[in-house]
Amino acid sequence: MTIIRDLIEIEKVFTKNKKTPCDIAEFLEDETYSESKGEDIKLGDMHLTHYIRRQLKDERADDEIINRISKENAKLKAQLRQIKKTFNELYNV
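In terms of the working numbering, the sequence shown opens at residue 1 and continues consecutively.
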C-alpha cells in the first residue's frame, strides 16, 4: 500500500513538480491516534485506504452525535413550549 505522503509526491510528477501547498504539507504532519498501533501517527504516514476508513468512521460518529443532539434539542423545545403554555394559563397572559 502507498502512504498519503508518497501519493502527494507522485502527484508532483503529473503537475510538473508544482510545490505542495502549505496547508497540505501541514496536514501531512498532523497526528492522529492509531488504535491498531496504540500510538499517534502522522496523517501523511497513513495508507490512503486507512485514512479514508478513519474519516468515514469519524463522520458516522459525528452524525450520531448530531442526531442525538437534535433529538435532545427537540425535547427541550417541546418542554419549553409546555412551560410557556403553563405559565400563560397560570397568569392569564
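Ideal Cβ placement from N, Cα and C applies to all residues, glycine included.
Per-residue DSSP class, three states only, for residue i
| i | result |
| --- | --- |
| S36 | coil |
Nearest to residue i (by Cα), restricted to the options the options
| i | options | result |
| --- | --- | --- |
| T20 | K77, E31, R5 | R5 |
| M1 | D45, Q82, E31, Q55 | D45 |
| E35 | I24, F27, K18, R53 | R53 |
N- and C-terminal bounds of the alpha helix (DSSP H) containing residue i
| i | result |
| --- | --- |
| K16 | Looking at the DSSP string, K16 is not in any alpha helix (DSSP H), and its letter there is neither H nor E. |
| T86 | 48–91 |
| L28 | 22–29 |
Beta carbon of residue i nearer than 9 Å to that of residue j
| i | j | result |
| --- | --- | --- |
| Y33 | L43 | no |
| H47 | I8 | no |
CB contact check: residue i to chain B, cutoff 9 Å
| i | result |
| --- | --- |
| K19 | Given the protein chain composition of this structure (a single chain), no chain B is represented. |
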